[in-house]
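Have a look at the structure below before the remarks.
Number of protein chains: 2
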Amino acid sequence: MKFSPALTELIEALRCLPGVGPKSAQRMCLHLLERDREGASSLAHALQQAVERVDHCRRCRNFTELDICEICADTRRDHSVICVVETPADVLAVEQSGSYRGLYFVLMGHLSPIDGIGPAEIGLDRFQERVVEEGVAEVILATNPTVEGEATAYYLTDMLLPRGVKVSRIAHGVPLGGELEYVDGSTLAHAFSGRRAVEQ
Amino acid sequence: MKFSPALTELIEALRCLPGVGPKSAQRMCLHLLERDREGASSLAHALQQAVERVDHCRRCRNFTELDICEICADTRRDHSVICVVETPADVLAVEQSGSYRGLYFVLMGHLSPIDGIGPAEIGLDRFQERVVEEGVAEVILATNPTVEGEATAYYLTDMLLPRGVKVSRIAHGVPLGGELEYVDGSTLAHAFSGRRAVEQ
């Protein structure tokens, strides 16, 4: 015995969500139909709207419904600094820290030759043109401290330095509130090699 | 800074799914837009279809797109036995065990006076009529072994016994493959009180 066709289709469709297996999909499906049909309708509508309207900003590749996103269009921000991140979630994290007022460039991934993702796929050709054309003063590399993220940062450094652009990498080390005892070895190694002289 | 309106709306809408908090909703939203727009569209369609088409079977209250569900309409099944369960997922679980060939009645919940759920809300008035009209031989109570499930089973017993219907409750005890050492006290108590004489 199986569920009826519409239910089976919905359970199958819910599995496109990350982290949702057959059991959770079934639970979600029954929950929506038993207790939140209105929520299910709104979700259907929101999904359709997002798929139709959301595209990439022409300048920074972040998600937006506009041609140029709000951050790129904001004249109060510092347009001479660009922070390179991997995903839109990273932009949100940096924005929430409140410590940065420049612009962004969102790679929507990282270099990964094995998966066929080269410089063009993450928009580096257009990024290089933009940096040169606009006379950007500094590019801050905030890709993840993973093998792919580091390789991407390395590639960007190699690409930008010869063009006279100042390139920097965000610091990696012991997180605030983190206890040395519980910090992993590579992070500690980073923290030591990235140490700074204490000035009076 | 926030995401654009369509993204914010989608993240908000995804939270109607059980077990999905703000962080998972954000992750799901970005995953769908970055990597699975087709999946997002299918999901929107499946949700809409299910909300529009799926209703309750007129006889057993299970979810179906038909007037009478496939199980109720199946003439090869034993129509003289009805198993009472709380949810459609319970029907699926019993069906998958392959040990039952009768019909079902799905309460879509359990008695819970505190939440205003009385006998009428879980369809017991119509169920009683049906049992009497159709001359059902046995009603098997398979509500959950929780306080509410037990109370519901008790109420059903009280309702059906005076009408001369045979009522039974599924056995509760040590699950197969379960080790006595790790079984909780109430389950063990049930297992002891429900013990059966071993016959030669």
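Heads up: the protein sequence lines correspond to chains A and B, in order.
Quick note: the first sequence, position 128, residue 128 per the UniProt record's numbering, numbers continuous.
Quick note: the second sequence, position 141, residue 141 per the UniProt record's numbering, numbers continuous.
C-beta atoms are modelled at their ideal positions from N, C-alpha and C, and glycine is treated no differently.
Predicted, not measured: the structure shown is a model, and the values here were computed from it.
Residues of chain A whose Cβ lies closer than 8 Å to the Cβ of Met108/B are, in chain order, Glu34. Secondary structure of Gly178/A (DSSP, three-state): coil. Linking Ser80/B to Val198/B through their CA atoms gives a straight-line distance of about 29 Å.
Between Gly21/B and Ala13/B, the alpha-carbon positions lie close to 11 Å from each other.
Contacts between Gln26/A and chain B, judged by CB atoms closer than 7 Å, involve Ala89 in chain order. Using beta-carbon distances, Arg37/B counts as an interface residue toward chain A, with a partner under 7 Å.
The residue from Val183/A, Phe3/A and Cys69/A with its alpha-carbon nearest to that of Pro5/B is Cys69/A. Under the three-state reduction of DSSP output, Tyr100/B falls in the coil class, being neither helix nor strand. Beta-bridge pairing by DSSP links Asp55/B to Thr64/B. In the DSSP annotation of this structure, Val81/A is not part of any alpha helix (DSSP H); the continuous beta strand (DSSP E) holding it starts and ends at Asp78 to Val85. Look at Lys23/B here: in three-state DSSP terms it is helix. Ranking Tyr154/B, Gly164/B and Ala142/B by CA distance to the CA of Ile82/B puts Ala142/B first.
One finds Ala6 in chain B with Cβ atoms closer than 7 Å to the Cβ of Arg53/A, taken in chain order.
In this structure Gln96/B is exposed. Its beta-carbon is surrounded by fewer than 16 other beta-carbon atoms within 10 angstroms. When 7 Å is used as the limit between beta carbons, Thr64/A is near these residues of chain B: Ser4, in chain order.
In terms of CA proximity to Asp90/A, Asn62/A leads the group Thr157/A, Ala189/A, Ile11/A and Asn62/A. Looking from the CA of Asp115/B, the closest CA among Glu86/B, Glu148/B and Thr187/B belongs to Glu148/B. Per DSSP, the beta bridge partners of Arg169/A are Leu141/A. Residue state for Phe127/B is assigned as helix, using DSSP reduced to three classes.
Around the beta carbon of Val132/A, fewer than 16 other beta carbons sit within 10 angstroms, so the residue counts as exposed.
Chain B places a beta carbon closer than 7 Å to that of Glu9/A, counting this residue as a contact. Here Glu86/B is actually not in contact with His56/B; their C-beta atoms are around 14 Å apart, not less than 8 Å. Residue pairing by DSSP places Phe105/A opposite Val84/A in a beta bridge. About 12 Å separates the beta carbon of Gly118/A from that of Leu107/A, a gap too long to meet the 8 Å contact definition. Look at Pro18/A: its C-beta is under 7 Å from a C-beta on chain B. Asp36/A and Cys72/A have their C-alpha atoms some 38 Å from each other. For Ile117/B, the secondary structure class from DSSP, reduced to helix, strand or coil, is strand. The contact set of Leu103/B on chain A, defined by CB atoms closer than 8 Å, is empty, because the minimum CB distance reaches about 12 Å. The beta-carbon separation of Tyr104/B and Cys60/B, rounded to 5 Å, stays under the 8 Å limit for a contact. The region 133 to 140 of chain A makes contact with the region 166 to 175 of chain A: 3 or more CB pairs, one atom from each, lie closer than 8 Å. Annotation: Arg15/B to Ala25/B spans about 6 Å, alpha carbon to alpha carbon.
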